[in-house]
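Mapping the sequence shown onto the numbering used here, position 175 (from 1) lands on 175, and the numbers just tick up by one.
Here the structure comes first, spelled out in C-alpha cells, and everything after it is commentary.
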Amino acid sequence: MEIRDEFANVIKRFDELNIQYMLTGSVASSFWGSPRTSHDFDFIIVLSQKDTRRIYSAFQSDYYVSSIEDAIKHNQMFNIIPNNSSMKIDCWILKRDEFNLSAFQRKRKVTLYGIDAFVISPEDSIISKLLWYVEYPNEIQLRDIGGIIETQQHSIDFIYISQWCERLSLNELWNSIKTKHKFQ
Numbered sequence: 001m002e003i004r005d006e007f008a009n010v011i012k013r014f015d016e017l018n019i020q021y022m023l024t025g026s027v028a029s030s031f032w033g034s035p036r037t038s039h040d041f042d043f044i045i046v047l048s049q050k051d052t053r054r055i056y057s058a059f060q061s062d063y064y065v066s067s068i069e070d071a072i073k074h075n076q077m078f079n080i081i082p083n084n085s086s087m088k089i090d091c092w093i094l095k096r097d098e099f100n101l102s103a104f105q106r107k108r109k110v111t112l113y114g115i116d117a118f119v120i121s122p123e124d125s126i127i128s129k130l131l132w133y134v135e136y137p138n139e140i141q142l143r144d145i146g147g148i149i150e151t152q153q154h155s156i157d158f159i160y161i162s163q164w165c166e167r168l169s170l171n172e173l174w175n176s177i178k179t180k181h182k183f184q
C-alpha cells in the first residue's frame with residue numbers, strides 16, 4: 001500500500017471512531033518545511049481506556065496494534081503497524097501539560113496527500129522539535145526546524161515561539177537557531 005493510501009486509511013478510521021488526533025513528527029515538519037523521507041506517521045491522539053476496544057476492533061484485521069492499555073497507563077505511545085507494508089504509525093497519548101494542550105488546540109486542518117487532516121501548527125512543530133532535540137540530540141531535528149523557518153518565515157508567529165521557549169527553558173537553543181538563520 002502506498003503512503004497516501006495508508007495515511008487515508010488511518011485518518012478514515014480515526015474519524016469514524018471520533019478519535020481526536022493531530023499529525024506531528026517528520027511528516028508534519030515536511031509539510032510545513034523541507035520534505036524528507038519517512039516511513040512512519042506520528043500522531044498525538046486523545047484516548048482513554050474506554051476507547052481501547054474500539055481501536056483494536058477498527059484496526060485488528062489489517063494491522064498489528066501494540067498495547068494501548070500500557071500506552072495510556074504510562075502516557076507513552078503505541079504502534080499500529082500494517083500487516084502488508086513497511087509503514088509504521090506511532091500514536092502518542094496527548095500529554096496534559098500546558099504546552100501540549102495548547103499545541104493540540106492550535107492544530108490546523110490541512111490537505112495532505114489529498115486528504116483533509118489535522119496537523120500540528122508550524123510554530124508548535126518547531127517547539128516540539130526543540131523539546132525532542134533537548135531529550136535526544138539529533139541534527140535531523142535542527143534541519144527540520146530550519147526547513148520550517150525558511151519555508152514559512154513570512155507566516156510564522158515568532159513571538160509565540162519565543163514565549164514558549166522562555167517558559168520551557170529553550171531560549172539558548174532557540175537563540176542559536178535564530179542566529180544561524182539570521183533572524184531576530
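No residue lacks a Cβ here, since even glycine has one placed at the ideal position from N, Cα and C.
Report the option in the options whose CA atom is closest to the CA atom of residue i.
i: Ser121; options: Asn171, Gln76 and Ser155; result: Ser155
i: Gln60; options: Ile72, Gln49, Gly25 and Val10; result: Val10
i: Ile81; options: Leu94, Ser57 and Ser66; result: Ser66
i: Asn175; options: Pro35, Ile126, Leu101 and Glu98; result: Ile126
i: Asn138; options: Ser26, Phe41, Ser162 and Ile89; result: Ser26
i: Asp5; options: Thr179, Gln76, Tyr113 and Glu166; result: Tyr113
i: Trp32; options: Ala71, Phe78 and Lys109; result: Lys109
i: Asn79; options: Ser162, Asp42 and Leu168; result: Asp42
In angstroms with no decimal places, state the Cα-to-Cα distance between residue i and residue j.
i: Thr37; j: Asp144; result: 12 angstroms
i: Glu69; j: Arg13; result: 19 angstroms
i: Ile55; j: Asp124; result: 27 angstroms
i: Ile115; j: Leu17; result: 17 angstroms
i: Gly146; j: Lys73; result: 35 angstroms
i: Glu2; j: Asp51; result: 28 angstroms
i: Asp157; j: Lys88; result: 32 angstroms
i: Trp132; j: Ser102; result: 17 angstroms
i: Asn100; j: Trp92; result: 11 angstroms
i: His181; j: Leu173; result: 13 angstroms
i: Ser57; j: Gln153; result: 43 angstroms
i: Ser29; j: Leu170; result: 19 angstroms
i: Glu135; j: Gln141; result: 11 angstroms
i: Ile149; j: Thr179; result: 12 angstroms
i: Met77; j: Ala71; result: 5 angstroms
i: Leu168; j: Asp97; result: 11 angstroms
i: Ser188; j: Asp15; result: Coverage of the chain is limited to positions 1 through 184, which leaves residue 188 absent and any answer about it impossible.
i: Ser48; j: Asn75; result: 11 angstroms
Within the same chain, show all residues whose beta-carbon is closer than 7 angstroms to that of residue i, passing over the 5 residues directly before and after it, in chain order.
i: Gln20; result: Ile45 and Val46
i: Glu86; result: Correcting the residue identity first, residue 86 is Ser in this sequence and not Glu. Cβ within range, chain order: His39.
i: Trp164; result: Phe99 and Ile127
i: Leu94; result: Ile44, Ile45, Val46, Asn100 and Phe104
If residue i and residue j are in contact, beta carbons under 8 angstroms, what's the gap, nearest whole angstrom?
i: Val119; j: Lys129; result: About 14 angstroms separates the two Cβ atoms, so there is no contact after all.
i: Ser34; j: Thr151; result: 7 angstroms
Please go through the same chain and pick out, in chain order, the residues whose beta-carbon is closer than 8 angstroms to the beta-carbon of residue i, but skip the five residues on each side of it.
i: Asn83; result: Asp62, Tyr63 and Tyr64
i: Tyr160; result: Glu123
Take residue i and list the residues in its own chain whose beta-carbon comes closer than 6 angstroms to its own, dropping the five residues that flank it on each side.
i: Ala8; result: Ile115
Alpha helix (DSSP H) runs wholly inside the segment 78 to 138, at least 4 long, in chain order = 98 to 105 and 122 to 135
Could I get the ranges of all uninterrupted alpha helix (DSSP H) runs contained in the segment 28 to 76, with 4 residues as the minimum, in chain order?
-> 52 to 59 and 68 to 74
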